[in-house]
Every structure is written in structure tokens, then in C-alpha cells.
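One structure below.
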Amino acid sequence: MFPVRPRHIRVLYEPREFHATLKERISRAKERVTLSALYLGATEGDLIDTLTDALHRNDRLRVRVLLDFFRGTRPTRYAGGMASSVDMLGPLKQAFPHRVDIALYRTPDMGRLLGRIAPSRWNETIGVQHTKVALFDDQLLLTG
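Its first residue numbered 1, the sequence shown is counted upward by one per residue in UniProt numbering.
So, in C-alpha cells, the structure goes:
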């Protein structure tokens, strides 16, 4: 827990409002954007476009993304085919190798052997990294 004044809290009621806030805060960030989630959905291309635009506009901006290893590497079907979160973020890392960091958390409870033999969706039942946090410079966005 950390103290926060009620006047500094803004509640986002709709997924659309949350998504728009993410994009707006990414666009305004001066030094850092840190995103932590289970995975990026296959429809998050516009979020990656917003990150790309922000990195092009601001040479000081650094982006860090933390995703769950198993969910972040599992391909998801979308209109253009199949892609995982890592597939979607790969071009961003390639374009800005020194300013974009992508980390994948793999639960220690899922040993290497078990991780290889368990079906892809089953390994997510052992444990996942599921924090939902976004940091834009000194502004924090918690979701749940």
C-alpha cells in the first residue's frame, strides 16, 4: 500500500476509456513508458503504433514491457492471421534496440521440462505474471 490523495485518483469505467488513456499517456510521456500485463491482445496494434510514434518523436523516451512468458508467446488468432505478443512487439524492439526492453516472466514453478511437455494453455494454469500496471514518467495507472 502507498498513500494517495483521493483527488489524484481518476476512475476509468469503460475499456475504451482505459485504452484511450493508455494511448494518450504514451503520447505525452517524456522519458519512460513501462507496461506490465499478462499479454497484449491481437487487437493492440494501435497501441504499438502509438508507442512507435512516441519513440520516433522523442529520442529520450525508453519503453519497457513485462509480459507473462507463456501467454506472451502463445499465438492468438486475429483478422490478419496468428501472432503472439512477442511477435507484435518484435518490430518495435528491432527498430529501437537500445530504447525498448521486452521482458518475459516465467514462473519458477514451471520447470524447463514441464514447460516443454505441457500443452500451451495448460502451462498457464501453473502460474502466470498477471500484474496490470502502466507507468508514464511519474504517472501510475493501476488496473485490475
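Using N, Cα and C, we set each Cβ at its ideal position, and we do this for glycine too.
Between the options, which lies nearest to residue i when the distance is taken from Cα to Cα?
| i | options | result |
| --- | --- | --- |
| Val63 | Gly81, Thr73, Gly41, Gly90 | Gly90 |
| Thr34 | Thr143, Gly144, Asp137 | Asp137 |
| Leu12 | Leu51, Ala20, Asp101 | Ala20 |
| Leu61 | Leu142, Pro108, Thr143, Leu135 | Leu135 |
| Tyr78 | Gly41, Tyr105, Leu67 | Gly41 |
Looking at the secondary structure, which residues open and close the alpha helix (DSSP H) in which residue i lies?
| i | result |
| --- | --- |
| Gly72 | 69-73 |
| residue 164 | Residue numbering for the chain in the displayed model covers 1 to 144; residue 164 lies beyond these limits and cannot be assessed. |
Provide the residue(s) that pair with residue i in DSSP beta bridges, ordered along the chain.
| i | result |
| --- | --- |
| Thr76 | Ala83 |
My output table needs one value for residue i: the three-state DSSP class, helix, strand or coil.
| i | result |
| --- | --- |
| Phe136 | strand |
| Leu40 | coil |
| Asp49 | helix |
| Arg60 | coil |
At what residues does the beta strand (DSSP E) containing residue i begin and finish?
| i | result |
| --- | --- |
| Thr34 | 32-36 |
| Asp101 | 100-105 |
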